[in-house]
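Note sheet for the following structure.
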Amino acid sequence: MFGGIDPALLIAALMVNSVPIMLAATGELVVEKAGVLNLGVEGMMIMGAICGFVTAVVTGNPYLGFVGGALGAMALSAVFGVLTQVLQTNQVATGLALTLFGLGLSSLIGQSYVGIKPPATGDVALGPLADIPFLGVAVFSHDWMVYASIALVAGVWWALKYSRMGLVLRAVGESHEAAHALGYKVTRIRFIAVLFGGALAGLGGAYISLVRVPQWTDGITAGAGWIALAIVVFASWKPWRVLAGAYLFGGISVLQLNLQAAGSAIPVEYLSMAPYLITILVLVIMSSGRGKAALAAPACLGQNFHASR
Amino acid sequence: MKRRTLLATAALGLGLAFGGAAMAQDKTKACFVYVGPIGDGGWTYQHHQGALAVQEAFGDKVEIAFQENVPEGADAERVLTQMALSGCNIIFTTSFGYMDATNAVAAKFPDIKFEHATGYKREHPNVSTYNARFYEGRAVQGHIAGKMTKSNKIGYIASFPIPEVIMGINSYYLHAKKVNPAVELSIVWAFTWFDPAKEADAAKALIDQGVDVIASHTDSTAPLAEAAKTNGAVIGFGQASDMAEYKDGPRVSSIIDNWAPYYIKRVGALMDGTYAQADAWEGIAGGEVEIGEITALVPAEVKAEAEAMRDAIAAGTYHPFTGPINKQDGSPWLAEGVTAPDGDLLGMNFYVEGIVGEIPQ
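Going down the list, the protein sequences come from chains X and B. Just so we're aligned, residue 188 is where the first sequence starts under the numbering used here, counting upward by one. Just so we're aligned, residue 11 is where the second sequence starts under the numbering used here, counting upward by one.
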């Protein structure tokens, strides 16, 4: 026990808490690596939350729910893809509009789903692993999405770093002119990246409505999408740092609630502020002098591309 | 003037004339500002039920309008101004944080009536305030919590450190302590009225600390959903709304805010010209606070005691804050047999003796 808090339970809560923002941030990382800035993460997450919820309730299968959530958010991201990649709209404005649209549409779809309980997503039976003292409770007693999200981070890291596909994606994000000259289909690659980002945001949203809160209410994501966007910058576009960032942001919010519940004397305001202060601090360090190279923002981030130029 | 422009002008004039006629039909327009979505299943949902009741009571003679998810602060002022300009006759602002915005906008529109829920500022003659004595319901919940806890740890998910919330915490604790002297209260401040994920996390943090009875002062059903995951080990209460969908699970009772009678009364008064500035604060007796059905999880005797307390409060024979009560620092607040004056309650900024922790500033 540490300050009245059981660290195993704290780690367990932290891991669950971080899943939605980690998934959404990983998806957004891929999108931004391809040079597209999609600020509609919040809207895609909440579409994932409601589509996943509806699918799970209708089919009675939580796993299909996650598929439904991913598809729902992907559909919304396709709208963004068509607008920005084909019709060349401004990415920032389109992304913000996507969030507003997603919030409204999800509320409309969810009208008749308020107050319904979704089918439960069971924990993964890890057999003897779950009996290990400390680690069993902290790490090996979760539902499958917790492990899937970590696997996804690893997969994205590997794909970006070692696969040809990742190399092409990064090339498109760094210099779309050069990539185009080499014969890569910039628009198509970016469109696929946007869809991938949408699917992951949708999984994150579905995790909120199916596992973390298990219910549907309007506005259930309550800003998680914005935190995911902050994490991508915080992580300076590196997958493992996304994982660390998600645990940091998720962990601090869990920690401050636990400290309160345990009656700690640390004022909660400081802890609530901490993730944002750290983000600002990281941004300052990264954008100063030598740190700048490490910032590693894709050079074509947020710029539209048209082959005729 | 060309013929086409002439026609257009005439059409415009006609439109204006008819528009004016429609305005003159003096249909009363009642507007509502909500802090969360109607679908929250709690606080905002109940206010909207009240708004719908107004529509039902007066039919064609009133028109209702509302806006959801209005943030407390500068945005609220914009929304209020817009509502005032759009022809609202009476505007209900349904969250504490709208207090200053309500008064500021009321100053600019002296002909429009403003009704602010749970606040205390009436700076202009057209601002009224209304509230419900939620602490009466908290007393009943506290009694049930004290009797039902096995770990002797009970929890409270608080929203913002304002008198209304502190009042609820004190009432809950006092009545739990009265029936179970060993009881300890853990309070988690969520600093939000509506954020289901955070409310669920707060509930989880409390459960991880061994709390087995959770009361919440936030707007969603998320804390009950979190309690439901424990398969009956943890119980909770419906807040603001009955939250009946958790009746076969953790929800053992609830506080139901019933705003309909007040809304109908005020809009009716405005229509028949008897409207006057007011500071309304009804409780169980006035029907504004209702205690939701106590479920079978609660033993019959505890249920009977809780209902007896409810009835005593309704009859006026029992006040939840009856002395002797000391403040947290041990200094006396109420002497033996003295009941708390409303002024003390409305400005409450201290915990009662026995609660651990500090109120965040």
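Even glycine gets a Cβ: it sits at the ideal position worked out from N, Cα and C. Note that the structure is a prediction, hence the values are computed from the model and not measured.
Can you confirm whether residue i, when its beta carbon is compared against all beta carbons of chain X, has any partner nearer than 9 Å?
i	result
B:Asp267	no
B:Val80	no
B:Phe204	yes
B:Trp53	no
B:Val198	yes
B:Thr305	no
B:Ser341	no
B:Asp85	no
B:Thr231	yes
B:Lys387	The requested residue 387 of chain B does not occur in the structure, where chain B is confined to residues 11 to 371.
B:Glu255	yes
B:Val299	no
B:Ala243	no
B:Ile164	no
B:Lys239	yes
B:Phe360	no
B:Pro351	no
At least one CB of chain B closer than 9 Å to the CB of residue i: is that the case?
i	result
X:Pro207	yes
X:Leu196	yes
X:Leu390	no
X:Thr303	One point to set straight first is that residue 303 of chain X is Ile, not Thr, in the sequence displayed. Taking Cβ atoms only, chain B reaches closer than 9 Å to X:Ile303, which makes this a yes.
X:Pro454	yes
X:Leu498	In the structure as shown, chain X begins at 188 and stops at 496. Residue 498 of chain X is therefore absent and cannot be evaluated.
X:Asn445	yes
X:Asn204	yes
X:Ile192	yes
X:Ala211	no
X:Gly214	no
X:Ala366	no
X:Gly450	yes
X:Ala200	yes
Using 8 Å for Cβ pairs, my map puts residue i next to residue j. What's the rounded Cβ distance?
i	j	result
B:Gln77	B:Tyr44	7 Å
X:Leu263	X:Gly230	6 Å
X:His363	X:Phe492	4 Å
X:Ile208	X:Ala433	5 Å
X:Gly385	X:Met261	4 Å
B:Phe170	B:Phe201	6 Å
X:Leu390	X:Ala236	So it is not a contact: roughly 10 Å between Cβ atoms.
X:Asn445	B:Asp222	Going by Cβ atoms, the distance from X:Asn445 to B:Asp222 rounds to 17 Å, so no, they are not a contact pair.
B:Lys71	B:Asn99	With 8 Å as the limit, B:Lys71 and B:Asn99 do not qualify as a contact, their Cβ atoms being about 11 Å apart.
Given residue i, which residues of its chain have a CB within under 6 Å of its CB, disregarding the five upstream and five downstream residues?
i	result
B:Val262	Ile245, Thr305, Leu307, Val308
X:Val228	Ala211, Glu215, Ala388, Gly412, Ala415, Leu416
B:Thr332	Thr349
B:Ala34	Any reading at B:Ala34 is ruled out, since the residue's pLDDT is 41, under 50, leaving its predicted position unreliable.
B:Ala288	Ser138
If I measure Cβ to Cβ from residue i and keep anything under 7 Å in the same chain, skipping five residues before and after, which residues do I get?
i	result
B:Leu356	Tyr130, Pro173
X:Val203	His329, Val333, Arg399
B:Val80	Val43, Tyr44, Val45, Ala86, Val89
X:Gln275	Asn491, His493
B:Ala31	Low per-residue confidence applies at B:Ala31: pLDDT is 39, beneath 50, and the placement is therefore not dependable, though the value from the model is reported in the following sentence. Closer than 7 Å at the Cβ level, and outside the excluded window around B:Ala31, lies no residue.
X:Ser440	Asn204
X:Gly222	Val359, Gly360, His363, Arg377, Pro485, Cys487, Leu488, Gln490
X:Leu316	Gly323, Phe327
Sorted by chain position, which residues of the same chain lie with C-beta nearer than 8 Å to residue i's C-beta, five sequence neighbours on each side aside?
i	result
B:Gly156	Ile164, His185, Ala186, Lys187, Lys188, Val189, Asn190, Val193
B:Ala210	Ala232, Pro233, Ala235, Glu236
B:Ile365	Ile179, Asn180, Tyr183, Leu195, Ile197, Gln338
B:Pro120	His134, Pro135, Asn136
B:Arg143	Trp291, Glu292, Gly293, Ile294, Glu298, Val299
Fill in: Contact list for the region 425 to 442 of chain X against chain B, Cβ threshold 8 Å
Within the region 425 to 442 of chain X, the residues whose Cβ lies closer than 8 Å to some Cβ of chain B are Ser440, Val441, listed in chain order.
Practice prompt. Could you run through the region 266 to 299 of chain X and flag, in chain order, every residue whose CB is less than 9 Å away from some CB of chain B?
Written response: The region 266 to 299 of chain X vs chain B, Cβ under 9 Å: Leu290, Ser294, Gly297, Gln298.
Practice prompt. Determine which residues of the region 211 to 222 of chain B have a Cβ less than 8 Å from any Cβ of chain X, and write them out in chain order.
Written response: Answer set for the region 211 to 222 of chain B: Asp211, Ala212, Lys214, Ala215, Leu216, Asp218, Gln219, Val221.
Discussion item. Going residue by residue through the region 79 to 153 of chain B, where are the continuous alpha helix (DSSP H) segments of at least 4 residues, counting only ones entirely within it?
Written reply: Counting only runs of 4 or more, we get 84 to 95, 109 to 118.
Item to complete: Please list the residues of the region 391 to 402 of chain X that have a C-beta atom closer than 8 Å to any C-beta atom in chain B, keeping them in chain order.
Response: Here the close residues are Ile395, Arg399, Val400, Pro401, Gln402.
Worksheet item: In the region 317 to 346 of chain B, which residue ranges form an unbroken beta strand (DSSP E) of at least 3 residues, counting only runs that do not cross its ends?
Response: 342 to 344, all fully within the region 317 to 346 of chain B.
Worksheet entry | chain B contacts made by the region 404 to 415 of chain X, where a contact means CB separation under 9 Å | Those would be Thr404, Asp405, Gly406, Ile407, Thr408, Ala409, Gly410, Ala411, in chain order.
Worksheet item: Of all the beta strand (DSSP E) runs that stay within the bounds of the region 181 to 229 of chain B, which reach a length of 3 or more residues?
Response: Complete beta strand (DSSP E) runs here, min 3: 194 to 199, 223 to 226.
Worksheet item: Which ranges would you report for the alpha helix (DSSP H) in the region 316 to 392 of chain X if only whole runs of at least 4 residues count?
Response: Within the region 316 to 392 of chain X, the complete alpha helix (DSSP H) runs of at least 4 residues are 322 to 325, 331 to 349, 351 to 361, 363 to 368.
Fill in: Runs of alpha helix (DSSP H) lying entirely within the region 261 to 323 of chain X, each at least 4 residues, in chain order
As far as the region 261 to 323 of chain X is concerned, its whole alpha helix (DSSP H) runs of at least 4 residues are 278 to 296.
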